[in-house]
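Sequential numbering of the sequence shown, starting at 176, is according to our numbering. Where is the CB? At the ideal position from N, CA and C, for every residue including glycine. Keep in mind it's a predicted model, so treat the numbers as computed, not measured. Okay, so here's the structure we're looking at.
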Amino acid sequence: MDMRVAAYAVITGTDDRLLLAHWVDGRRAAWTLPGGGLEAGEDPERAVRREVREETGYRVAVDALLGIHSRVIPASSRLSANAEGPLHTLRIVYRAHIVGGHLRHEVGGSTDRAEWFALPAVRKLRRVQLVDIALRMAKLSLRGDGEGRALTPEGQ
């Protein structure tokens, strides 16, 4: 079984907007959190800072570990044509804030642009499941009746 460990950041601005990166793989595309795979021996916090900088142009400080999401993708559901067997993904999600840099788009990477979105607008985007998982970890809501309102204890 293959394994992929990646680190991602939930970054909101002072205006309750969420920073997302637009992931592109051939004809598939969706909005995702800035972040990505760890290099061999790399510390996850260092990885998330590096990935955010590569994908968005911003330098960030990590505030807190929000959680770790583990998922096994069956071989039949893997996107890579040359992949064999299932893939176990471990996605480490942090809360982070911007400490410098300027918004820019990644060139030659897995994303083609980064943008800020009001939380209710994220609901209408084509996005990867990790966005919703991470927002629940951060206790942020995509409901249109309150920007960034905390989720109720029942997760509603």
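Can you name, in chain order, every residue of its own chain whose Cβ lies under 8 angstroms from the Cβ of residue i, other than the five neighbours on each side?
{"i": "G276", "result": "R228, T231, G232, Y233, R234"}
{"i": "R192", "result": "W291, F292, A293, L294"}
{"i": "E220", "result": "A182, V237, Y269"}
So for residue i, helix, strand or coil by DSSP?
{"i": "L315", "result": "coil"}
{"i": "S245", "result": "strand"}
{"i": "V237", "result": "strand"}
{"i": "I186", "result": "coil"}
Within 10 Å of its beta-carbon, does residue i have 16 or more other beta-carbons around it, so buried, or fewer, so exposed?
{"i": "E259", "result": "exposed"}
{"i": "E214", "result": "exposed"}
{"i": "R279", "result": "exposed"}
{"i": "L254", "result": "exposed"}
For residue i, I'd like the list of residues in its chain whose CB is within less than 6 angstroms of its CB, leaving aside the five on either flank, ordered along the chain.
{"i": "D177", "result": "L262"}
{"i": "R298", "result": "L317"}
{"i": "G323", "result": "Note that G323 has pLDDT 40, beneath the 50 cutoff, so the model's placement of it is unreliable and the number below is only indicative. Closer than 6 angstroms at the Cβ level, and outside the excluded window around G323, lie D191, L294, L315."}
Take residue i and list the residues in its own chain whose beta-carbon comes closer than 7 angstroms to its own, dropping the five residues that flank it on each side.
{"i": "I308", "result": "H244"}
> Quick check: the region 185–192 against the region 262–282, are there 3 or more CB pairs under 8 angstroms?
Replying inline: Contact between the region 185–192 and the region 262–282 is present, because at least three Cβ pairs lie under 8 angstroms.
>> Pairs of beta-carbons, one from the region 196–203 and one from the region 282–290, closer than 8 angstroms: are there three or more?
In response: Counting C-beta pairs with one atom in each stretch, the region 196–203 and the region 282–290 have three or more that are closer than 8 angstroms, which means they touch.
> If we count Cβ pairs, one from each stretch, closer than 8 angstroms, do we get three or more for the region 202–210 versus the region 291–303?
Replying inline: Yes: the two stretches touch, three or more of their Cβ pairs being nearer than 8 angstroms.
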